[in-house]
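Peer 1: Residue numbers (the UniProt record's numbering), protein chains in the order written: chain A, 1 to 338; chain B, 1 to 338; chain C, 1 to 338; chain D, 1 to 338. Submitted below is the structure of interest, expressed as structure tokens.
4 protein chains.
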Amino acid sequence: MIIVLKPSATEEQITKFTNMLKESYDVKVNKWDGVQSTVLGLIGDTTKIDIEYIDAQDIVENVKRVQEPYKKANRKFHPDNTVIKINDNVTIGDGSLHIMAGPCSVESEEQIVQIAKDVKASGATLLRGGAFKPRTSPYAFQGLKAEGLDLLKTARRETGLPIVTEIMRASHIDMFENVDIIQVGARNMQNFELLKELGKIDKPILLKRGLSATIEEWLMSAEYIMAGGNDKVMLCERGIRTYETFTRNTLDISAIPIIKKLSHLPVIVDPSHASGKSWLVEPLAMAAVAAGADGLIIEVHNDPPHALSDGAQSLTPKQFDGVAKKVFGLKKAVDKLN
Amino acid sequence: MIIVLKPSATEEQITKFTNMLKESYDVKVNKWDGVQSTVLGLIGDTTKIDIEYIDAQDIVENVKRVQEPYKKANRKFHPDNTVIKINDNVTIGDGSLHIMAGPCSVESEEQIVQIAKDVKASGATLLRGGAFKPRTSPYAFQGLKAEGLDLLKTARRETGLPIVTEIMRASHIDMFENVDIIQVGARNMQNFELLKELGKIDKPILLKRGLSATIEEWLMSAEYIMAGGNDKVMLCERGIRTYETFTRNTLDISAIPIIKKLSHLPVIVDPSHASGKSWLVEPLAMAAVAAGADGLIIEVHNDPPHALSDGAQSLTPKQFDGVAKKVFGLKKAVDKLN
Amino acid sequence: MIIVLKPSATEEQITKFTNMLKESYDVKVNKWDGVQSTVLGLIGDTTKIDIEYIDAQDIVENVKRVQEPYKKANRKFHPDNTVIKINDNVTIGDGSLHIMAGPCSVESEEQIVQIAKDVKASGATLLRGGAFKPRTSPYAFQGLKAEGLDLLKTARRETGLPIVTEIMRASHIDMFENVDIIQVGARNMQNFELLKELGKIDKPILLKRGLSATIEEWLMSAEYIMAGGNDKVMLCERGIRTYETFTRNTLDISAIPIIKKLSHLPVIVDPSHASGKSWLVEPLAMAAVAAGADGLIIEVHNDPPHALSDGAQSLTPKQFDGVAKKVFGLKKAVDKLN
Amino acid sequence: MIIVLKPSATEEQITKFTNMLKESYDVKVNKWDGVQSTVLGLIGDTTKIDIEYIDAQDIVENVKRVQEPYKKANRKFHPDNTVIKINDNVTIGDGSLHIMAGPCSVESEEQIVQIAKDVKASGATLLRGGAFKPRTSPYAFQGLKAEGLDLLKTARRETGLPIVTEIMRASHIDMFENVDIIQVGARNMQNFELLKELGKIDKPILLKRGLSATIEEWLMSAEYIMAGGNDKVMLCERGIRTYETFTRNTLDISAIPIIKKLSHLPVIVDPSHASGKSWLVEPLAMAAVAAGADGLIIEVHNDPPHALSDGAQSLTPKQFDGVAKKVFGLKKAVDKLN
């Protein structure tokens, strides 16, 4: 951590501040005098120093971290990729490509079982489906809730596909015990109370990026879960909010290689929510695979125009089959080029 | 609601779609043929129609709402300002100006009581203070929790100031029973499970705007609370996320008159979080009052450099006294000009 | 164009407004009465109607275009791809992939000729290089100017590679006569005076997207050039400005398929400026090709640490060789999958 | 300037790099060894060091400026406010408040003269009006051009109000000789060729902030003009582009006190373009004055629904009279409070 002091700082103030730093944290402090200002360099573990606290000191002009503020999610301290085994067929983060496919909302047994069979036939290895739905409007369909979870399990029994579904509050964790991957939605990425509880269980978590979360904030949210003891975290890029309104969100394709460099956690991409338009799913899925994603999560609905949510961005099983073929074909080609 | 159909839509498809609309919703449908495309106009209460569902139809090019999707928060249906009485001295939304002041975090009895006395002496009519703190890092100070709530009540006993403090999960609601105003933080603005529970109680809610929430999404979150039966909602503008990094956030000053036009709910402005810099609090507070805010929420700390959080944006009691004087002076002048 | 009128509009005002619309523009006007408001639908060529003018009318609540405001750049009116022939070897937009490579700035004959030879050997078919440099600081290197143009021509003579270089003011057009593709930089995307002049010449234009330009604004800038008679326009996505600061800009990968759908113009992607980091160039270039780009423009420098500009994002010739191999390999694979 | 080196940097590389820095720039270099990385501190005038060049060095992890990259626009080197005298009645930056008012576009002699008289009667001290209009669409009205300039001069003769109008290309500078203040529009804020030419003349420049320009980039554009010798620069905040679509732009009210702190140049605020809605002009103008603006620029049109551009955000002369009264009243009150 580098601290630039104000030109007005007196020798006495600097000494007092330096002593406080040494006493409060287990760090050494180097001082360097510039023409306009004095700079302090902190040596040691600065992860636990609150940068805002330092920034608040009267004599501080500004502060800059040299180390990242996350440790458990940091590739520097864990050079090997995190590999998450879901079941005997599905292992995420080992260089293979997995597709999680299914409807935005679980609507009925018939619907979810049929879609599960269809997407499995096309190569999907996990089934996604929403039981609890976060909706902008209190008047919109909020999901089948507990019943939806049961229907997902039925579909899993019928197809063998592990299931991925979203949790919306900590008090539901018991209900999600039998789920294979628990998803945290974009709007809850900084619901720290939920993250803390998910840190206490031993279950893979799919952590979606917040609507306007920086990559560092996103990794800090992963750190919340990991700090509690659960290190099975996957990160899901699902588009960020920008000034461009043509798409629902802007897919931040760069996030894939950046996360791969900064962290050892797997990266999943959601081209459906990133674009909000079904015709954009294929090119964005292709781009994600070319950029190195470990998996995709894609909305598929047997009857998009009658989907109870997110119909505009859902593929039909037939469309999904086409996308899956191309995406797996591309993955094979990319692997050969590496 | 206006629905533009694709040029490729056939007469048969249009008839089928039109019938579905009439049956599913209690609306009349008007059809109008353009050169390139057919347009449908829906007449009736379209609040409950899911716009994404319509957008997902094969034959739909795009959709546009004519009515706003919120009703209870909408000034069109409630022309009079919502006025929220906190106690005999404090009524928000009646044209008066109130300042909620206090530390980011409650740290000790001595600290919170002294600050409460100081800010009261300067004209603040409510005491703010965090007991449960949402922090980006799991390693940062997370607040005194239940003990912090008790200390706030002690400060209230000593000064008579009603207290405002943030809730972070639905299961804590009982603990907040004795709080005067419950704050929902920016990161929880779309924690719909929390909003639903807050809709069931009879307690004023201060709903902060999400980091990248549109004004419509913010009003929809207010609608969540109001739809449950609790109509004592205040909206708090606290800066939005933009590309500009000089300030922590960008205060959206326009939000004040816009909310006043679209809604009947009171608007509070938080210049401390909007800027992240104590020297910006005064000019932003002045701007907010000139633009018509009903209140301000300002961070004050007896010793900002030693604050356990947000020190960089906290004012000392003395600085706050100066700001409060100017702000109340300005309010008087603005009232005379109106 | 659909115009929603205010509930307060009187029958008389509506009639007057409707007559004005019919007289001023060659359109028919349909009227449809809703419960809360009246809606007008305009039939005919509405491209030339100024939407802001309509929006300014007292009785207008809001306006919505059904047709896009651009015509010459619109795929609806020109279904076939625009194919731009640069020379006997290079044709852009015909389904092939072209790489424009070279240094940010032309620095010396030796430098530009050597880089040209290197990138040609790796498969680049065009040489890029800046002679006039738009720099944020007036104190930074501003390019070799006319001399730089001459050196580019020397490199073209030596290698046969056509040259791409940026123009910064209309009065320089004569100087650019012998250039193969004239580039308009992001900061000049809405320098309308420059666009108008470029519309008068018969020379391919590479139009970079503005830092915060919407896709529609970008296509309108292409329309400026095309309206003048020059229809040889290529669009270059180079990243947009968002709140994320890890990368210099955020590559909007969705822009590729969107432009392909809305327009018939070729799309080039610039992974160097989009990321600002050389290690991100490869994954972004791969993503761009997978998403359907017609070309890439990549910064290559023989000695990035000594580049006079943009060194941080430049590849060495050897690194470029690796990227080019993978990118062309990917293109072949993608073509087979289509 | 502080340079953090990569952990992998060898002693030999560091020595070589350090020597290069000392030789290339007139700076001293301090070295400080941390646990993970070495940090270099540069002492001396680092304004002319290209930060991107440093960032491109193989051994550099990242770089941070301690000094701002602008000098002539920097309050640190010019503590006193810049005061710009326009004529005997109008001096900007001396603590007084000036309003520049007038139509978006000059349309006819009758129009501009009448509006000039009206706004003068309401207290405006400068007349604004567009002769050359930057329009997103090539099919929209582009201004009366040279004729518009003449009409502005006629209005000046009739009223004595100095005139402010926008320039769009360097080759027009001669035509603008008789204009009192030359405006550079948001889309040309980084048209560096234009800025350089404006640096060579002795004429006040009103430099609008770019649509997504940071405060630092904006000050660097002012620096371009000042580096050429023209130090009569005023900065105009006119709203920035964000994800919020309710307003045309988001007024960055914080920019006023920030510019006042960082620079000595006057700040003007444009509430008309910032909001795009006439009913928002008053509250935003009030906020700007309360936050310390030196002036306002407001669009006024005798007949907004028939304005050839920007009608939606224009005030009628009567509305303007109301706004001006309140704004000057507020200014008086604010001055008393200071």
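Glycine is no exception: its CB is placed at the ideal position from the N, C-alpha and C atoms. Just so it is clear, the structure is predicted and the values come from calculations on it, not from any experiment.
#1: Using alpha carbons as the reference points, say which of B:R65, B:D50, B:Q57, B:K48 lies closest to B:H41.
#2: Does DSSP put A:A255 in a helix, in a strand, or in coil?
#3: Just to make sure I have the definition right: I need the residues of chain C whose C-beta is within less than 9 Å of the C-beta of A:E299. Which are they?
#4: Taking just the CA atoms, how far does A:K72 sit from A:M226?
#5: In this structure, does DSSP put A:K85 in helix, strand or coil?
#6: Flag this pair as touching only if the region 28-40 of chain B and the region 282-295 of chain A have three or more C-beta atom pairs under 8 Å; answer yes or no.
#7: Check the Cβ of C:L211 against every Cβ in chain D and list those closer than 7 Å, keeping chain order.
#8: Give the straight-line distance between the Cα atoms of D:I253 and B:R209, rounded to the nearest whole angstrom.
#9: Is it right to say C:K85 is buried, meaning 16 or more other beta carbons lie within 10 angstroms of its own, or is it exposed?
#10: Counting only runs that start and end within the region 251-326 of chain B, where is the beta strand (DSSP E) found for 3 or more residues in a row?
#11: Taking the straight line between their C-alpha atoms, what separation do you get for B:I240 and B:A186?
#12: What does B:W32 reach in chain C if we use C-beta pairs closer than 8 Å?
#13: Identify, in the order they occur along the chain, each residue of the same chain with its Cβ nearer than 7 Å to the Cβ of D:F320, setting aside the five sequence neighbours on each side.
#14: Taking the alpha-carbon of B:I59 as reference, which of B:T10, B:D180, B:I268, B:I112 has the nearest alpha-carbon?
#15: Would A:T165 and A:V184 qualify as a contact pair, given that the criterion is a beta-carbon distance under 9 Å?
#16: Please work out which residues of its chain come closer than 8 Å, Cβ to Cβ, to A:A312, disregarding the five sequence neighbours upstream and downstream, and give them in chain order.
#17: List, in order along the chain, the chain B residues whose C-beta lies closer than 8 Å to that of D:G93?
#18: With DSSP as the reference, label C:A155 as helix, strand or coil.
#19: Note down, in chain order, all residues in the region 224-241 of chain D with a beta-carbon under 7 Å from any beta-carbon belonging to chain C.
#20: Could you please give the first and the last residue of the uninterrupted alpha helix (DSSP H) stretch that includes D:A222?
#21: Does the Cβ of C:P162 have 16 or more other Cβ atoms within 10 Å, making it buried, or fewer, making it exposed?
#22: State the DSSP-derived secondary structure class of D:D33, mapped to helix, strand or coil.
#23: From A:V267, A:A290, A:F246, A:T47, pick the residue whose C-alpha is nearest to that of C:E68; which is it?
#24: Grouping DSSP H, G and I as helix and E and B as strand, with all else coil, what is D:G123?
#25: Buried or exposed: which applies to A:D94, given that a residue is buried once 16 or more other Cβ atoms fall within 10 Å of its Cβ?
#26: At the level of alpha carbons, what is the spacing between B:H98 and B:T136?
#27: Which of the three DSSP states is assigned to C:K331 in this structure?
#28: Is there a Cβ of chain A sitting closer than 9 Å to that of B:S8, yes or no?
#29: So, under 8 Å CB-CB, C:V90 and C:E158 are touching, yes? Tell me the CB distance rounded to an integer number of Å.
#30: Could you please give me the residues that DSSP links to A:G102 through a beta bridge?
#31: Just to check my reading of the structure: D:A324 and D:A124 have Cβ atoms closer than 8 Å, yes? What is that Cβ distance to the nearest angstrom?
#32: Please list the partners that B:P69 has in chain A, where partner means a Cβ-to-Cβ separation under 7 Å.
#33: Quick check: the Cα distance between D:S108 and D:K203, rounded to an integer number of angstroms?
#34: Are D:V289 and D:R238 touching if we call contact CB-CB under 9 Å?
#35: Span of the alpha helix (DSSP H) holding B:K16?
#36: Short of 7 Å in beta carbon distance, which residues of its chain neighbour C:E193, apart from the five on each side in sequence? Order them along the chain.
Peer 2: On the basis of the supplied data:
#1: Residue identity differs from the one stated: residue 41 of chain B is Gly in this sequence, not His. Ranking the options by Cα distance to B:G41, first place goes to B:R65.
#2: helix
#3: The contacting residues do not exist; A:E299 stays about 16 Å from chain C at best.
#4: 7 Å
#5: strand
#6: no
#7: S212
#8: 18 Å
#9: exposed
#10: 267-269, 295-299
#11: 10 Å
#12: N30, W32, G41
#13: A101, V119, S122, I298, V300
#14: B:T10
#15: no
#16: G276, K277, S278, P304
#17: In chain order: nothing, as chain B lies at least about 17 Å away.
#18: helix
#19: Y224, A227, R241
#20: 215-227
#21: buried
#22: strand
#23: A:F246
#24: coil
#25: exposed
#26: 30 Å
#27: helix
#28: no
#29: Their Cβ separation, rounded to whole angstroms, is 17 Å, which puts C:V90 and C:E158 out of contact at 8 Å.
#30: A:E299
#31: 7 Å
#32: S137
#33: 26 Å
#34: no
#35: 11-24
#36: A170
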